[in-house]
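Student: Here the sequence shown is numbered in numbering that gives the first Met the number 0, starting from 0 and rising by one per residue.
Backbone N, C-alpha and C define an ideal beta-carbon position, used for all residues, glycine too.
Note that this is a predicted model, so its numbers are computed, not measured.
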Amino acid sequence: MVFSKFKKNTGGPEYLIVGLGNPGDKYAFTRHNVGFMFIDRLADKTRSSVKKLKFKSLYGDATIGGVRCLLCKPQTFMNNSGEAVREIAAFYKIPPQRIIVAFDDVSLNTGELRIRKKGSAGGHNGIKSIIAHLSSEDFPRLKIAIGPKPHPQMDLADFVLGRLSKEDELKLADAIDRAVDAV
Numbered sequence: 000m001v002f003s004k005f006k007k008n009t010g011g012p013e014y015l016i017v018g019l020g021n022p023g024d025k026y027a028f029t030r031h032n033v034g035f036m037f038i039d040r041l042a043d044k045t046r047s048s049v050k051k052l053k054f055k056s057l058y059g060d061a062t063i064g065g066v067r068c069l070l071c072k073p074q075t076f077m078n079n080s081g082e083a084v085r086e087i088a089a090f091y092k093i094p095p096q097r098i099i100v101a102f103d104d105v106s107l108n109t110g111e112l113r114i115r116k117k118g119s120a121g122g123h124n125g126i127k128s129i130i131a132h133l134s135s136e137d138f139p140r141l142k143i144a145i146g147p148k149p150h151p152q153m154d155l156a157d158f159v160l161g162r163l164s165k166e167d168e169l170k171l172a173d174a175i176d177r178a179v180d181a182v
């Protein structure tokens, strides 16, 4: 567990854990909302809630391995996620190196995970926005694979905003559980 080596924190949050997605029922079970699904599962596992509305986000406190963390679901829509991340990180004085961002990835097979300490946006608009608003690429990422488009000519937006098949739901539920365990 990432946080087990830290002592119990009695001050402000040490980490911000962000799941990317789009707000609203219309997007709830789409591939692009895997980050929100991750945050919901992490909140369940830590017996916390993500219901406070401020900083253009739904957020809440969680304790992981004795470390106080904030769980965050930006409500700015995917392409403007950086606005929300910047606001909450600035308010709580959380540096980019302690902001963990979970999001969907189309370059890996459905259900695979990839963790990176930092890097480029890799074409993901939500990550581009966060990089632009933090003026840094130095934040950890947790990529949860939704798989590639089924047909090269298919519009990427149509694919990521599409509903999950039952098979993909099962693969992603397992991947999300593994991602939660990794954190």
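#1: Does P94 come out as helix, strand or coil in the three-state DSSP assignment?
#2: Which class does A243 belong to by DSSP, given the choice of helix, strand or coil?
#3: Which residue marks the beginning of the beta strand (DSSP E) containing R113, and which one marks its end?
#4: Is there contact here, the stretch 67-83 with the stretch 24-44, by at least three beta-carbon pairs under 8 Å?
#5: How far does the alpha helix (DSSP H) with V179 in it reach, from first residue to last?
#6: Is the beta carbon of K51 less than 9 Å from the beta carbon of E82?
#7: Which two residues bound the contiguous beta strand (DSSP E) that contains A120?
#8: Assign G18 to buried or exposed, taking buried as 16 or more other Cβ atoms, counted over all protein chains shown, within 10 Å of its Cβ.
#9: In whole angstroms, what separates the C-alpha of S128 from that of R67?
#10: Could you tell me the distance, in whole angstroms, from the CA atom of A178 to the CA atom of L112?
#11: How long is the line joining the alpha carbons of A89 and G65, rounded to whole angstroms?
#12: Starting from K51, follow its DSSP beta bridges and name the residues at the other end.
#13: CB-CB under 8 Å to H132, same chain, minus the five flanking residues each way: which ones, in chain order?
#14: Ends of the alpha helix (DSSP H) at L41?
#15: So, for H31: in the same chain, excluding its five sequence neighbours on each side, which residues have a beta-carbon less than 7 Å away from its beta-carbon?
#16: Quick one: is E156 buried, meaning 16 or more other Cβ sit within 10 Å of its Cβ, or exposed?
Tutor: The relevant details are as follows:
#1: In the sequence shown, residue 94 corresponds to position 95, counting from 1. Coil, per DSSP.
#2: A question about residue 243 goes unanswered here, because the residues of the chain that appear run from 0 up to 182.
#3: By one-based count along the sequence shown, residue 113 stands at place 114. Note, R113: beta strand (DSSP E), L112 to R115.
#4: yes
#5: Taking the sequence shown and counting its residues from 1, one reaches residue 179 at position 180. Segment K165 to A181, the alpha helix (DSSP H) holding V179.
#6: Counted from its first residue, the sequence shown places residue 51 at position 52. Counted from its first residue, the sequence shown places residue 82 at position 83. No, the Cβ-Cβ distance between K51 and E82 is not below 9 Å.
#7: Taking the sequence shown and counting its residues from 1, the one referred to as residue 120 is at position 121. That residue, A120, is in no beta strand (DSSP E); it is neither H nor E in DSSP.
#8: Your numbering for residue 18 matches position 19 in the sequence shown. Classification of G18: buried, given that the 10 Å Cβ count is 16 or more.
#9: Within the sequence shown, residue 128 is the residue found at index 129, counting from 1. Within the sequence shown, residue 67 is the residue found at index 68, counting from 1. Going from the Cα of S128 to the Cα of R67 covers about 26 Å.
#10: For the purposes of this step, residue 178 is taken as the residue at position 179 of the sequence shown. For the purposes of this step, residue 112 is taken as the residue at position 113 of the sequence shown. Taking the straight line from one Cα to the other gives about 7 Å.
#11: Along the sequence shown, read from residue 1 onward, the residue named residue 89 stands at position 90. Along the sequence shown, read from residue 1 onward, the residue named residue 65 stands at position 66. Spanning the two alpha carbons is a distance of roughly 23 Å.
#12: Counting from 1 along the sequence shown, the entry for residue 51 is found at position 52. DSSP, once it has assigned bridges, lists Y58 as partnering K51.
#13: Along the sequence shown, one-based indexing puts residue 132 at 133. Cβ neighbours of H132 beyond the five flanking positions: G81, E82, V84 and R85.
#14: Within the sequence shown, the letter at position 42 stands for residue 41. Run containing L41: V33 to K44, per the alpha helix (DSSP H) assignment.
#15: Within the sequence shown, residue 31 is the residue found at index 32, counting from 1. Result list for H31: G20, N21, M77, D103, V159 and L160, in chain order.
#16: Indexing the sequence shown from 1 puts residue 156 at position 157. One detail in the question is off: residue 156 reads as Ala in this sequence, not Glu. Exposed is the call here.
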